[in-house]
DNA sequence: TGAAAATTAGGATGCGCGTCCAAAAATAGC
DNA sequence: GCTATTTTTGGACGCGCATCCTAATTTTCA
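Protein chains in written order, with our numbering: chain U, 21 to 214; chain S, 21 to 214.
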């Protein structure tokens, strides 16, 4: 059955994901996505009836990617501090993209909040997944009821440095902030191990 | 001469400012602004030929407001630490708006960056003015060549907490982050006074 | 007060968009 | 191989937008 359809569907989602990141959601048209994939607008419509539908699919795909990544880290690294470190260093690996387009999650949430879009809650899920995972790591580190606040603090700082890096076109600042964040993590961990 | 015109022009800029903040630039139409002010689209066009032109006026107005505010603080408070404290507490005064719409500066820069809009550089000016002022304060505090980095660090954290507060609809987090930022400032100041 | 200038009104235009559709082409299953 | 289903195509539709324009109204000031 729809096997060929499924493959194309995934290519569409991947293209839309990229374009939404680079140009924003509202600023990306059906034609943009169709052209990128190399299919007609009509064919696109066959797979996704509305623009919201594809946004939903993109968010779902991103959430699932994030979950996979975090689960993988949970398995791979025994130490919660090490896991959080990896999370922080994620920004270094993506520094070129961040410089060019900011954080894919933050910028999307930002955009959807303006339009008071119904899918903002779905988009929030991307951040929530991270927050919950980070909270669990901080709990393991022994931060108890402060864990959630710490998780949000870390997310906020990551979002902030991504935005400033993008706006000022200054990846060196991003690296600086990552270093600072790792120092902060070490301090927090040291304080709570005793 | 164009005295009445000037007054209306300012009302238009004020309305556009609000709407751009609440709904985003792209998502705000000529009609939206005209309706808010209570004039016809044609009249609007008499004052601003293009959408870019009004965006430019809004940015100019914001930059000038920011400069006025900062200059006022520079005069009013003799201690640079006190000045920076005021800067940090600005977020508390605007917490309701931030919860609802995020940071007016950050969200605009974010949006313009996506569209690779020519006026992004003008929008950056809002952040740059703040950065330079903060840099001067940190210099006075004795941070020397680190001052600029510190200024950007502060800006980034403010941006980050605004975004998270907006996304998670959680003003308590904003207050928490402000407290944390003030603690950070005290630490930094204490370290460099000796 | 009256002519020139500034201001306001609202309709016209053209374009790009999301959406929809009918028909052609490809594929699958008997 | 032939029919039923899936997939693909490209054009049509209607709407909202930025922009433009002309004519009416108000203001200015000699």
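Each residue gets a CB set at the ideal place from its N, CA and C atoms; glycine is no exception.
1) Given a limit of 7 Å on CB to CB distance, which residues of the stretch 29-57 of chain U reach chain S?
2) Check each residue of the stretch 175-188 of chain S: if its Cβ is closer than 9 Å to any Cβ of chain U, include it; give the result in chain order.
3) Taking DSSP as the reference, what is the three-state secondary structure of residue 59 of chain U?
4) Could you tell me how far apart the beta carbons of residue 47 of chain U and residue 134 of chain S are, in whole angstroms, since I believe they sit closer than 8 Å?
5) Verify the CB distance criterion: does residue 137 of chain S have a CB-CB separation below 8 Å to chain U?
6) Against chain S, which members of the stretch 73-100 of chain U pass a CB distance test of less than 7 Å?
7) Within 8 Å of any Cβ in chain U, is that where the Cβ of residue 162 of chain S sits?
8) Using a 10 Å radius around the Cβ and a threshold of 16 neighbouring Cβ atoms, would you call residue 127 of chain U buried or exposed?
9) Taking the continuous alpha helix (DSSP H) assigned at residue 212 of chain S, which residues delimit it?
10) Measure the CB-CB distance between residue 178 of chain U and residue 181 of chain S and report whether it falls below 8 Å.
11) Which chain S residues are close to residue 122 of chain U, counting only those with a beta carbon under 7 Å from its beta carbon?
12) Considering only C-alpha positions, which residue in the set S:51, S:79 and S:208 is nearest to residue 64 of chain S?
13) Tell me, please, whether the CB atom of residue 169 of chain S is closer than 8 Å to any CB atom in chain U?
14) Would you say residue 193 of chain S lies against chain U (beta-carbon separation less than 8 Å)?
15) Using C-beta distances below 8 Å, list every residue in its chain close to residue 87 of chain S, excluding the 5 sequence neighbours before and after it, in chain order.
16) If we ignore side chains and look at the alpha-carbon of each, how far apart do residue 159 of chain U and residue 206 of chain U end up?
According to the data block:
1) 43, 44, 46 and 47
2) 175, 176, 177, 178, 179, 180, 181, 182, 183, 184, 185, 186, 187 and 188
3) Walking along the first chain from the start, residue 59 of chain U turns up at place 39. Three-state result, residue 59 of chain U: coil.
4) Indexing the first chain from 1 puts residue 47 of chain U at position 27. Indexing the second chain from 1 puts residue 134 of chain S at position 114. Indeed, because the Cβ distance is near 6 Å, the residues count as touching under 8 Å.
5) As a working mapping, residue 137 of chain S is identified with position 117 in the second chain. No, because no Cβ of chain U sits closer than 8 Å to the Cβ of residue 137 of chain S.
6) none
7) Looking up residue 162 of chain S in the second chain gives position 142. For residue 162 of chain S, the answer is no, since every Cβ of chain U falls outside 8 Å of its Cβ.
8) Start at 1 with the first residue of the first chain, and residue 127 of chain U comes out as number 107. Result: buried.
9) Translated into the one-based positions of the second chain, residue 212 of chain S becomes position 192. First-last of the alpha helix (DSSP H) with residue 212 of chain S: 191-213.
10) Taking the first chain and counting its residues from 1, the one referred to as residue 178 of chain U is at position 158. Taking the second chain and counting its residues from 1, the one referred to as residue 181 of chain S is at position 161. No, the pair does not count as a contact, with Cβ atoms beyond the cut-off.
11) Translated into positions along the first chain, residue 122 of chain U becomes position 102. In chain order: 130 and 133.
12) Here residue 64 of chain S corresponds to residue number 44 of the second chain, with the count starting at 1. Selected option, being the one with the closest Cα: S:51.
13) As a first step, residue 169 of chain S is located in the second chain; it is residue number 149 there, counting from the start. Judged by the 8 Å Cβ criterion, residue 169 of chain S is in contact with chain U.
14) Counted from its first residue, the second chain places residue 193 of chain S at position 173. Yes, residue 193 of chain S counts as interfacial toward chain U.
15) Position 67 of the second chain, counted from the first residue, corresponds to residue 87 of chain S. Around residue 87 of chain S: 149.
16) Within the first chain, the letter at position 139 stands for residue 159 of chain U. Within the first chain, the letter at position 186 stands for residue 206 of chain U. Taking the straight line from one Cα to the other gives about 15 Å.
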